[in-house]
Amino acid sequence: MSSELVERLRERAESYRMGGPSSEHTAALLDDAAARIEALEAEKARLREALAPFAALAHAEYDDVPNVVGVTLTFDNDEELGAMPFGCFRAARRAREGGNADG
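Numbering of the sequence shown is given in the working numbering, commencing with residue 46 and proceeding in unit increments.
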């Protein structure tokens, strides 16, 4: 799942390593940056997947539903779990589509 940027950072790190021990610090920094980017990309993918069920509830035909309208979540025994404004579901859809969750 490496991005082009990660690949470029890793290639540059290898180039620095050819420069000898004095360049190892820079190469290590580039490797660290590449590893951090990969971790963030993986986290982003996991979070997008976690938003999927919420985003699926926010069909475009409900875009006119005001954010103050709440969606109540209940267990099978009718015990209420809580409520969320409908805007939360729209924010999940926008985030999954790559937009700003705030609208």
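Using N, Cα and C, we set each Cβ at its ideal position, and we do this for glycine too.
Does the segment 126 to 141 come within contact of the segment 88 to 106, defined as at least 3 CB pairs closer than 8 Å?
-> Yes, since at least three Cβ pairs between the segment 126 to 141 and the segment 88 to 106 fall closer than 8 Å, the two stretches touch.
DSSP bridge partner residues for E125 (one or two, in chain order) | T119
Going straight from the alpha carbon of L92 to that of L75, what length do you get?
-> Between the alpha carbons of L92 and L75 lies a distance of about 26 Å.
L50 versus R81: straight-line alpha-carbon distance, rounded | 12 Å
Out of curiosity, what's the CA-to-CA distance linking A31 and E94?
-> Nothing about residue 31 can be reported from this structure: the residues present for the chain run from 46 to 148 only.
Express the C-alpha separation of R57 and A84 in angstroms, rounding to a whole number.
-> 19 Å
Length of the line joining the Cα atoms of G115 and G127 = 10 Å
Under the three-state reduction of DSSP, which class applies to P219: helix, strand or coil?
-> No answer is possible for residue 219: it lies beyond the span of the chain, which begins at 46 and ends at 148.
Local Cβ density within 10 Å of L118, reported as buried at 16 or more and exposed below that = An exposed status is given to L118, since fewer than 16 other beta-carbon atoms sit within 10 Å of its beta-carbon.
Which one or two residues does DSSP pair with P98 in a beta bridge?
-> DSSP, once it has assigned bridges, lists no residue as partnering P98.
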